[in-house]
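Chemist: One structure is given below, represented as structure tokens, and several questions about it will come after.
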Amino acid sequence: MARKKFQLWPEPLVTGALGRPSVLSVLATARTFTLDGIAARPVRVEVDVHRGLPGFAIVGLPDAAVREARERVRAALVNCGFEFPLRRIVVNLAPASLRKAGPGMDLAIAAALLSASGQLEWEGLSRVALAGELALDGSTRSVNGALAIAEAAREGGAEAIVVPAENGPEAALATGIDVIPLEGLGRLSALVAGEWEPPRPQALPLRLGSAPDGPDLADLRGQPHLRHALEVAAAGGHSLLMIGPPGAGKSLAASRLPSILPPLAPVEGLEVARIASACGRLGETLSGGRPFRSPHHTISPAGLIGGGSPPRPGEATLAHRGVLFLDELCEFRRDALEALRAPLESGEVSIARAASRRTLPCRFMLVAAANPCPCGRGEADPDCGCAPVAVQRYQGRLSGALADRIDILAAVRQPSAAEIGGGAGEPSADVRARVTTARERQERRLGPGRCNAEMTPAEARECALSTEAAALLTELYSRQRLSGRAHDRALRLAQTIADLAGSEAIGAKQMAQALQLRRRDRG
Amino acid sequence: MVEPRACLDCLRRSWLLAALGPYIEKIATGAVGSRSPELLRLSNEDLVAFAAPKVATRLLGGAAALSEQHLASELLAAQCWACCRHGDLYPEGLRDAADAPWALIGRGDPGLLDGLEPFGAVTVVGSRRATSYGREMARELGRELAAAGMVVVSGLAFGIDACAHRGAIDAGRTIAVLGCGPDTAYPASHRSLWRRICEKGLVLSEFPPGSAPWRWTFPARNRIMAALAGMTVVVEAAARSGSLITADLAADLGRDLGAVPGPVTSRASAGPNSLLAGGACLVRDAQDVLDAMLGAGAERIERGGPILDQDLADVLAAVEAGESGCDGVAAVLGLSGADAAAALSRLELLGYLTCSTVGLYSRTLLPAPTSAAI
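Chains Z and U are the protein sequences, given in the same order. If you read the first sequence in our numbering, its first letter stands for residue 1293, the second for the next number, and so on. If you read the second sequence in our numbering, its first letter stands for residue 14, the second for the next number, and so on.
Take a look at the structure:
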């Protein structure tokens, strides 16, 4: 890859440790970033070294990890052969009003300190961004959000960014900026002097499709209805609720859903990578394309949609462009599910705290699973010993919890012995091909990146309906067994089924299927 | 087919009533208003002298001056026709009433009056502020009675009346009796229903085209509704509803009285429940009405669902055999998931199945058609 050659060091000049003329105070600045949600905020490190009682103070709203940088920087400098100046050192992190968090500012503080104390003559320091944590021996450790930091550095006009070697491939995903991997503080002098030039890292391969050796839908045997529901859900981006006894294959089906979703667009892939990078889990996620998140039902609202100070992304954001699977929907905390409502509608989480307001993306497909009754067997099963009142209460929770945000209801049953012993089902690749074709039709109609589940009511009413399909829908609607919202939902579902079938107008059979798949408002 | 004809005197009476509208409105308020039919027993001269003594001469003179040609042209212009108590088309039921209208102005099919006996018609009335239960019951009663060959009589008002008409109009014959001229859709929001009844059924009134509704004209038209039919069914009515006036009038004429029971806590059902307590006939469905009017077992209503083709019948049989989910049906019949879903959905729409909140199907009470031979 042809790379812009950038000269960090116009005139190599390294002075001796104490070779500078004595001045009252020396100031040096360096640029670094602090992670806020999934975005990197620019921070300017100002180091002032002047005479006085020896001391080392960090100001500018640092959190505990930043304040402890004092000890790490001191040890790292000494262990790398530099001198820790016995003077009064003040490190200011500007802007002073922004809370700084994490250890990622160690490297910038160390570089600015070296520059201020005259141990490193680095003229280009203000044009370079640095991010990285220091070990006591001076080696660098990886930081979270290297991709976002590299992108923010590019936006801020920096010409190069110095990152820990481990973060190199991740940061190299950001194009248009020179990424310099650094193994340790000891190499800094050589780097600045131009004596050593590290090899530029290869960008992490961004895999957009799912992993070929990942879970495959072929594992789901029999269950034609569930397969159909999964395919429709994937094709239109519809949210899905599976109800059935434990062990019937609900979790198995949900975990196979990412494999039948169409591959990510490159832009979407970068969005996913940015979120994964901010959470320090880039390698893990990129192995499988679309993320699949399955939080435990004890999760708190903040864990689900994000929160804390500074705000950290929650499971909803981690599932961006992928699948959020809520197993045992009825067991989830009500406030957690309530918190999920608005993000489901808008595709982004807004975390408002006293100090700040952050918006995180979260366009995910909601897939939920629940048992039909507290014991899980279902009323139809003679072994079910649940009292009718208990069943009623349980199903009442089902209709309360996010129910109006769910498009498809799939009743799952225990597959028969013949089905379990039978051959493997249709593999993911075949289903994915149909889903991808259906999505392409939707994008042509609705615009890039949009799917049927996101149709506005006005768009849904513009769907081309055959006369028989319209008659079916009108009949159900006029019998008052369908609310206005359910009417539009049925239209969206029918449009998806028509897209899967490749037909221009919604036929009667497709409408009938949509009406069967729709979630029931009441018993 | 009997041609609608009316004699001049009877027609003049109609026009005179329209001219008297505002005068009677002044005297017939409160309790008098609800008994307005009694006023209409009076002869022309007595009525005018009682309601509008100051302008008596002018009104009587004006009525006497109406020529046959003038009245005929006015009826023609409003696409109406008229029949009077001296004619053959005049319904038998109205002859029982002392206060019966002299002439009836109609718009729509006069054939509905031809040979209309009281036992061939049912009046369905009820509150304008009806609950969804009442509306559903009225629609079902209207539909089933009309399908069984009965003429369904009601008043085109909001709520129960409109639902009874709507149920009946597609299944058979219905008559709307208005308190204004038959060429006026009142209430105006029922214009489309009024137009359909004009086309497929019959709109009747004792008032001439173009006359306005007054408060006293509604009890007046109630007496026509009560007299036309052999049975009056009150679906829903509050304790002091106008529908109970119709019920009283029907009882005075010796007609059968039916009431649809409702929750004892529901204000909307207070009227029919008290009628039931007073000995009215219990109406649960159209069969009860037919049994009361024609004698038990005289006519059976077949209430089977629509005929199913073989594929749907197979799916229904699978559900009856105990399969409750889409997957189970698909597995038993060897269908694809999509086909099974479509079939179950259609059966649900046809009323054979219901679906629970957890997506499991169960059979409804609707009996399947016995023979799929048709």
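Virtual Cβ for every residue (Gly too), placed ideally from N, Cα, C.
Run down chain Z in chain order and give the residues with a C-beta less than 7 Å from the C-beta of S358/U.
Modeler: Per Cβ cutoff of 7 Å: A1804, Q1805, L1807, Q1808.
Chemist: Let me know if Q1515/Z comes out buried or exposed under the rule of 16 or more other beta-carbons within 10 Å of its beta-carbon.
Modeler: Looking at its Cβ environment, which holds 16 or more other Cβ atoms inside 10 Å, Q1515/Z is buried.
Chemist: If contacts are defined as beta-carbon pairs under 8 Å, then A64/U and L107/U qualify, I think. What distance do you get, rounded to the angstrom?
Modeler: The Cβ separation is near 23 Å, so there is no contact.
Chemist: Since G1396/Z and F1325/Z are thought to touch, with beta carbons under 8 Å apart, how far apart are those beta carbons, to the nearest angstrom?
Modeler: At roughly 7 Å, the Cβ-Cβ gap stays under 8 Å, so G1396/Z and F1325/Z are in contact.
Chemist: Under the assumption that W1488/Z contacts R1479/Z (Cβ atoms under 8 Å), give the Cβ distance between them as a whole number of angstroms.
Modeler: Right, their Cβ atoms sit about 6 Å apart.
Chemist: Got a sec? Which residues, its chain only, sit under 6 Å from T136/U by beta carbon, not counting five neighbours each side?
Modeler: V166, M238, A242, T245, listed in sequence order.
Chemist: Name the one or two DSSP bridge partners that F1617/Z has.
Modeler: In DSSP, F1617/Z forms a bridge with V1659/Z.
Chemist: Taking H1520/Z as part of the alpha helix (DSSP H), name the residues at either end of that continuous run.
Modeler: Start and end: 1516–1528.
Chemist: Check the Cβ of G1514/Z against every Cβ in chain U and list those closer than 8 Å, keeping chain order.
Modeler: What G1514/Z touches in chain U: D340, A344.
Chemist: Taking buried to mean at least 16 other C-beta atoms within 10 Å of its own C-beta, is V277/U buried or exposed?
Modeler: It counts as exposed.
Chemist: What residue from L1533/Z, R1625/Z, R1633/Z has the CA that sits closest to H1588/Z's CA?
Modeler: That would be R1625/Z, whose Cα lies nearest to the Cα of H1588/Z.
Chemist: Mind listing, in chain order, the continuous alpha helix (DSSP H) runs of no fewer than 4 residues lying wholly within the stretch 1461–1525 of chain Z?
Modeler: Entirely contained in the stretch 1461–1525 of chain Z, the alpha helix (DSSP H) runs reaching 4 residues are, in chain order, 1480–1485.
Chemist: Sort out for me which residues DSSP pairs K1392/Z with in a bridge.
Modeler: Answer by DSSP bridge pairing, in chain order: P1354/Z.
Chemist: Which partner residues does I1798/Z have in the DSSP bridge list?
Modeler: Beta-bridge pairing links I1798/Z to L1757/Z.
Chemist: Could you tell me the distance, in whole angstroms, from the CA atom of A225/U to the CA atom of D196/U?
Modeler: Answer to the nearest angstrom: the Cα atoms are 10 Å apart.
Chemist: If we call anything under 8 Å between Cβ atoms a contact, is I1469/Z one with A1495/Z?
Modeler: Not a contact, by the Cβ cut-off of 8 Å.
Chemist: Bridge partners of A1349/Z, per DSSP?
Modeler: Answer by DSSP bridge pairing, in chain order: V1382/Z.
Chemist: Would you say A386/U lies against chain Z (beta-carbon separation less than 8 Å)?
Modeler: At A386/U the pLDDT is 36, less than 50, meaning the model places this residue with poor confidence and gives no usable figure here.
Chemist: Considering only their Cβ atoms, is the gap separating L1764/Z from L1807/Z smaller than 8 Å?
Modeler: It is a contact, given that the beta carbons lie within the stated cut-off.
Chemist: With respect to the beta strand (DSSP E) encompassing P1334/Z, which residues constitute its N-terminal and C-terminal limits?
Modeler: Where P1334/Z is concerned, the enclosing beta strand (DSSP E) stretches over 1331–1342.
Chemist: So, does the CB of A1790/Z fall closer than 8 Å to a CB anywhere in chain U?
Modeler: Not one chain U Cβ lies under 8 Å of A1790/Z.
Chemist: Which residues of the stretch 1699–1717 of chain Z have a Cβ closer than 9 Å to any Cβ of chain U? Give them in chain order.
Modeler: Listed by position along the chain: L1701, A1702, A1703, V1704, R1705, P1707, S1708, A1710, E1711.
Chemist: For chain U, find out if any of its Cβ atoms is closer than 8 Å to the Cβ of E1620/Z; answer yes or no.
Modeler: It does not; no Cβ of chain U falls within 8 Å.
Chemist: For E1443/Z, does the three-state DSSP call read helix, strand or coil?
Modeler: Note: E1443/Z maps to helix in three-state DSSP.
Chemist: Can you give the Cα-Cα distance for Q1802/Z and S1547/Z, rounded to whole angstroms?
Modeler: Near 27 Å, if we compare the C-alpha coordinates of S1547/Z and Q1802/Z.
Chemist: Going by Cα to Cα distance, which pick from I118/U, E16/U, R236/U, A354/U is closest to D265/U?
Modeler: Considering only alpha carbons, the answer is R236/U.
Chemist: Looking at chain Z, is there any beta carbon in it that lies within less than 8 Å of the beta carbon of L362/U?
Modeler: Chain Z, which has a Cβ nearer than 8 Å to the Cβ of L362/U, makes this yes.
Chemist: When you compare each of D352/U, A305/U, R148/U to A281/U by their alpha carbons, which one comes out closest?
Modeler: A281/U has its Cα closest to that of R148/U, out of D352/U, A305/U, R148/U.
Chemist: Would you say E1451/Z lies against chain U (beta-carbon separation less than 8 Å)?
Modeler: Closer than 8 Å: no.
Chemist: What does DSSP give as the partner residues of M244/U in its beta bridges?
Modeler: Answer by DSSP bridge pairing, in chain order: V135/U, D269/U.
Chemist: So the alpha helix (DSSP H) Y146/U belongs to, where does it begin and stop?
Modeler: Y146/U -> alpha helix (DSSP H) spans 145–160.
Chemist: Let me know the secondary structure DSSP gives S1314/Z once reduced to three states.
Modeler: With a pLDDT of 46 at S1314/Z, under the threshold of 50, the modelled position of that residue is not reliable, and the figure given next carries that caveat. Coil, per DSSP.
Chemist: Below 8 Å between beta carbons: does that hold for I173/U and A134/U?
Modeler: No, the pair does not count as a contact, with Cβ atoms beyond the cut-off.
Chemist: DSSP state of P1674/Z, grouped into three classes?
Modeler: In the structure shown, P1674/Z sits in coil (DSSP, three-state: anything other than H, G, I, E or B).
Chemist: Flag this pair as yes or no: are the beta carbons of F1584/Z and P1554/Z separated by less than 8 Å?
Modeler: No, Cβ-Cβ distance for F1584/Z and P1554/Z is not below 8 Å.
Chemist: Give the C-beta separation of V1454/Z and A1408/Z to the nearest angstrom, bearing in mind that I take them to be a contact with Cβ-Cβ under 8 Å.
Modeler: Not a contact, Cβ separation roughly 17 Å.
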